[in-house]
Amino acid sequence: MELEVRSVAAAVSGFATWEVDALVRRRTAEGSAAAAASLASLAAVIASLPDMDVPPALAHSAEDALQAAAEARAAAAEGRLDAAAVAARAAHVAAESAFFHPDILSLLYFPSEYKMAVYIPLFLPTLMPILTGLAWDMKFFVRRRRCAASYRAATRAGAVE
Numbered sequence: 001m002e003l004e005v006r007s008v009a010a011a012v013s014g015f016a017t018w019e020v021d022a023l024v025r026r027r028t029a030e031g032s033a034a035a036a037a038s039l040a041s042l043a044a045v046i047a048s049l050p051d052m053d054v055p056p057a058l059a060h061s062a063e064d065a066l067q068a069a070a071e072a073r074a075a076a077a078e079g080r081l082d083a084a085a086v087a088a089r090a091a092h093v094a095a096e097s098a099f100f101h102p103d104i105l106s107l108l109y110f111p112s113e114y115k116m117a118v119y120i121p122l123f124l125p126t127l128m129p130i131l132t133g134l135a136w137d138m139k140f141f142v143r144r145r146r147c148a149a150s151y152r153a154a155t156r157a158g159a160v161e
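UniProt numbering applies: residue 1 is where the sequence shown begins, and numbers increase by one.
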């Protein structure tokens, strides 16, 4: 049994056009997938920190990544592989810069539980005299109201002149 096999002759030097196209397509897909993964991770991190304000620079980087990913997809659909590869790389870079923004990193490594652990020892000694003074003032206010109420009751009864 004989098989008829046809092959394309290899170039003497360099890469064939189809090899370059395959490599560019692969790198475009990898760049777009990496950008999507970074943006999904960023969304998960932001969702896990409910008290975090999103800095404008971070939002701008995320928007740039989304816009570049859309450009990469459109260029790939039109067959412009070079433009798609450039846009996919830009999307990946913008998504990574948004994910590793310094404000997010500082919040990740200093969560709100640590803030409480740091600030309670600082403010508790100040808060104790304030609360004690407030309790004394409340006690004085209650006594004064009772005394005024008993004075009014005695005045109505005619006991005090």
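Cβ atoms here follow ideal geometry from the backbone N, Cα and C, with glycine treated the same way.
These figures come from a predicted structure and were not determined experimentally.
{"Check": "The alpha helix (DSSP H) that contains F99, what's its start and end?", "Outcome": "L81 to F99"}
{"Check": "Suppose the cutoff is 7 Å on Cβ atoms and the five residues either side in sequence are ignored; what does the same chain contact list for A65 look like?", "Outcome": "A35, L39, A91, A94, A95 and A98"}
{"Check": "From the DSSP output, in three-state form, read off S150 for me.", "Outcome": "helix"}
{"Check": "Could you check whether the stretch 15-24 touches the stretch 77-85, counting it as contact only if at least three pairs of C-beta atoms, one from each stretch, sit closer than 8 Å?", "Outcome": "yes"}
{"Check": "Distance check for V142 and P50, CA to CA, integer angstroms please.", "Outcome": "42 Å"}
{"Check": "Which residue from A33, I104, A88 and A117 puts its Cα closest to that of P56?", "Outcome": "I104"}
{"Check": "Relative to the C-alpha of P102, which residue among S61, L127, A77 and F140 is closest?", "Outcome": "S61"}
{"Check": "Assign T28 to buried or exposed, taking buried as 16 or more other Cβ atoms, counted over all protein chains shown, within 10 Å of its Cβ.", "Outcome": "buried"}
{"Check": "Alpha carbon to alpha carbon, what distance is there between S32 and R89?", "Outcome": "8 Å"}
{"Check": "Specify the secondary structure class of V54 as computed by DSSP and reduced to three states.", "Outcome": "coil"}
{"Check": "Just to confirm, does A34 get its C-beta within under 7 Å of one of the non-hydrogen atoms of the ligand ADP?", "Outcome": "Of ligands this structure carries none, so the ligand ADP is not represented either."}
{"Check": "I need the DSSP call for E4, collapsed to helix, strand or coil.", "Outcome": "coil"}
{"Check": "Taking all protein chains shown into account, do 16 or more other C-beta atoms lie within 10 angstroms of the C-beta of A75, making it buried, or fewer, making it exposed?", "Outcome": "buried"}
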